[in-house]
Amino acid sequence: MKQQEHLNDTQIEQYARTGSAVASESDGNRPQIEAHLEDCASCRERVLASVRMRFSLAGDFSVKVPPNLDPPDPDCPDEDVLRNFAAGNNPANDAAKLLDHISRCDRCGPVLRMYTEDFSDELTADDMAVLSGMKSSSPAWQKEVVEAMSVASSKSSPEPSKKTFSWQWALVPGVLATCAAVALAVWYQQRETPEKVERLLAQAYTQHRTMDARFPDAAWGRMDVTQGRQSESFQSPFLLEAEAIVDQRIQKDPENVEWLRVKAQSEMLQWHLDPAIESLTTVVQKRPDLTGLTLDLAIAYLQRAEQSNNRRDYEQSLSLFNQILKENPSNEVALFNRALAYEQLPDNTKAMADWTSLIKTERDSGWAKEARERLDKLQER
Amino acid sequence: MKVSKLSTQELLRLCLESNDPEAWQEFVRRFQPLIARIVVKSIRRWTHPAPSLADELVQETYVKLIDNDYRALRKFDLQHENAFFAFLKVVASNVVQDHFRSSYSSKRGSGRAAEDIETVGTSVATNTDSAGAAERRILINEIQRCLETLRNEPNFARDQAIFWLYYEQGLTAKAIAELPGIGLTVKGVESTLLRLTRYVRECMNAGSGDGQNKPSNRASATGG
Chain A
250 MKQQEHLNDT QIEQYARTGS AVASESDGNR PQIEAHLEDC ASCRERVLAS
300 VRMRFSLAGD FSVKVPPNLD PPDPDCPDED VLRNFAAGNN PANDAAKLLD
350 HISRCDRCGP VLRMYTEDFS DELTADDMAV LSGMKSSSPA WQKEVVEAMS
400 VASSKSSPEP SKKTFSWQWA LVPGVLATCA AVALAVWYQQ RETPEKVERL
450 LAQAYTQHRT MDARFPDAAW GRMDVTQGRQ SESFQSPFLL EAEAIVDQRI
500 QKDPENVEWL RVKAQSEMLQ WHLDPAIESL TTVVQKRPDL TGLTLDLAIA
550 YLQRAEQSNN RRDYEQSLSL FNQILKENPS NEVALFNRAL AYEQLPDNTK
600 AMADWTSLIK TERDSGWAKE ARERLDKLQE R
Chain B
-1 MKVSKLSTQE LLRLCLESND PEAWQEFVRR FQPLIARIVV KSIRRWTHPA
49 PSLADELVQE TYVKLIDNDY RALRKFDLQH ENAFFAFLKV VASNVVQDHF
99 RSSYSSKRGS GRAAEDIETV GTSVATNTDS AGAAERRILI NEIQRCLETL
149 RNEPNFARDQ AIFWLYYEQG LTAKAIAELP GIGLTVKGVE STLLRLTRYV
199 RECMNAGSGD GQNKPSNRAS ATGG
């Protein structure tokens, strides 16, 4: 057989079946076919694909792996190890061991395949269409990124500690705050999300906690009794940044529930409680199914009750916390804040019950410690 | 020296130590396509990748790189040129996954709607009917018995892994070649597969995998 440019489908199929002890007309051509396969990547790939189909050892390779993966067996490596492995990293230098396991594991094999597909160079027409539609592919966007990275880099060296950095803001509020806010706003202008704002607000809360009430998703922070509330003379850079984003986005999308929520949270941090409660009441009516909104509203009432010692606001906050805890008794933020509300009414029995429950389930050591301290104080009375 | 000529390590050092905008420009120029590509393909696991979402997550990736005084970049230990590309792939993939998993769990946990999130895909399809699964298992065992006869050959463990990664796990030859510990080109992987496939076919057709009727071209069955 004269060596052809490529093998035709029949030859591919026949070769994929080769190995049979029965002589076939293809046997005589085998050396030429194998010589061709030695040189032709395309035909090699076709032959192997044909054999793979014939073996049918695996499932449908086009099916996507679902987001929630099965928990691994004790022998299975962590998903992060598999991801790094697919990318070509093996810091533990145990490639042989990993290969041996992954090649035979019904959980790790598909995970590895998923990541190798994600990391491959191949792009579908749809991928290319998405990429060409992305702003981040444009020189203008990339220029902004470069400017922001340069600004961030210059601020990092020489580097004052974060604590003194914030004091410098307080000493030169107007110029530095504006410059920093502008630089950050340029960088972040296309990536503001409500989730990002929530993180900023949580950081502002923890950095400079001015309320007894516990803020959703915020790490524990010590009450700052020296500075007082988030007043105009001192504002956290996190809060400033959050406000800048919210102001811009609310203008573009004033009815968006997520943005209204974070706007209200920002107002709560600044003790602007009437507008916060008004906004939250409106959005809760629109979306009563969203527990997070109800929780925010409950906390806003609690804060206003503390501010003005208003019993009705305490009761309103209690009613909302009860509603939340009825659906989710282990909601730690609601439990913490309800205990505070009971303390103020006062209903020490119920407050102590809530602190006791919270101490059993609270995972954050800071919050757990505060709960214990509050319980101890009540028990001493 | 032109920044475009710098190695990855040199470029990284220049970016982190000198704050040179030209260096950062080269950084973005060089690595932006990779980051964007990984983000788009990773999003596709969860939902159709809208350009706006992809842009957002590309930005998140940069934030992660520069966060906390460029901690991730400063910590990175560049062993070889490709290591940084691998590092960026993992960071970008992580960003996308964190985004969707936190939206996924917050949708369940806090009552907040993750309205834009679609979960796609179903369970990995395998032969779920018991007869098909049993047949598959028998075939796998038979093939493994054949492969085992090569146990004493050099590179047996690697070659066996290549075989199963391709035929059972569905990786491409290219993907296999790029894995740590393989040490072969794509052609090398394919040649290994072809040799082992021929060997297994002959072994199975010979009727036993107990080594007594070894295929005639055993010496060429494994590559070195």
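Protein chains in written order, with our numbering: chain A, 250 to 630; chain B, -1 to 222. For each residue, glycine too, the CB sits at the ideal point set by N, CA and C. The structure displayed is predicted, hence computed values, not measured ones.
- Identification of chain B residues near L286 of chain A by a Cβ-Cβ cut-off of 7 Å yields L192, ordered along the chain.
- Residue environment for I33 of chain B: buried (at least 16 other C-beta atoms within 10 angstroms of its C-beta).
- Taking 9 Å as the CB threshold, P19 of chain B lines the interface with chain A.
- Counting the other Cβ atoms within 10 Å of the Cβ of N333 of chain A gives 16 or more, which makes it buried.
- For Y454 of chain A, the closest Cβ of chain B is not nearer than 9 Å.
- Taking a beta-carbon distance threshold of 9 Å, N80 of chain B counts as an interface residue toward chain A.
- The Cβ neighbour count for A378 of chain A, taken over all protein chains shown within 10 Å, is under 16; the residue is labelled exposed.
- Here DSSP, grouped into helix, strand and coil, assigns M517 of chain A to helix.
- Shown here for L594 of chain A: same chain residues with a beta carbon closer than 7 Å to its own, the five before and five after excluded, namely Y563 in chain order.
- Judged by DSSP secondary structure, N571 of chain A falls within the alpha helix (DSSP H) whose first and last residues are R560 to E576.
- About 6 Å separates the beta carbons of E188 of chain B and L297 of chain A, which is inside the 8 Å limit, making them a contact pair.
- Taking A462 of chain A as the centre and dropping the five residues before and after it, the same chain places the C-beta of I548, L551, Q552, N586 and L589 closer than 7 Å to its C-beta, in chain order.
- At a cut-off of 9 Å between beta-carbon atoms, I36 of chain B makes contact with chain A.
- With the criterion set as a beta carbon lying under 9 Å from some beta carbon of chain B, the members of the stretch 526 to 553 of chain A are R536, D538, L539, T540, G541, L542, T543 and L544, in sequence order.
- With a cutoff of 9 Å on beta-carbon distance, D75 of chain B and A84 of chain B are scored as not near each other.
- Listed along chain B are P178 and G179, each with a C-beta nearer than 8 Å to that of N339 of chain A.
- By the C-beta criterion, the stretch 51 to 61 of chain B is judged not to be in contact with the stretch 2 to 20 of chain B, since fewer than 3 inter-stretch pairs fall below 8 Å.
- By the criterion of at least three beta-carbon pairs nearer than 8 Å, the stretch 190 to 208 of chain B is in contact with the stretch 140 to 157 of chain B.
- Each residue's CA atom was taken as its position, placing Q30 of chain B and D370 of chain A some 14 Å apart.
- Under the three-state reduction of DSSP, R612 of chain A is assigned to coil, being neither helix nor strand.
- Neighbourhood of Q23 of chain B in chain A, by CB distance below 7 Å: V395, in chain order.
- In the DSSP secondary-structure assignment, R458 of chain A is bridged to A:M472.
- In chain order, R295, V296 and S299 place their CB closer than 6 Å to the CB of I261 of chain A, counting only its own chain and leaving out the 5 sequence neighbours on each side.
- Contact note: K512 of chain A does not reach chain B at a C-beta cutoff of 8 Å; the least C-beta distance is about 16 Å.
- When only Cα atoms are considered, D375 of chain A and S381 of chain A end up about 10 Å apart.
- Collapsing the DSSP output to three states places H255 of chain A in coil.
- Taking a Cβ-Cβ threshold of 9 Å, none of the residues of chain A is close to Q7 of chain B; the smallest such distance is about 16 Å.
- Any Cβ of chain B closer than 9 Å to the Cβ of Y563 of chain A would place that residue at the interface, and such an atom is absent.
- Annotation: the continuous alpha helix (DSSP H) that includes V582 of chain A extends over E581 to Q593.
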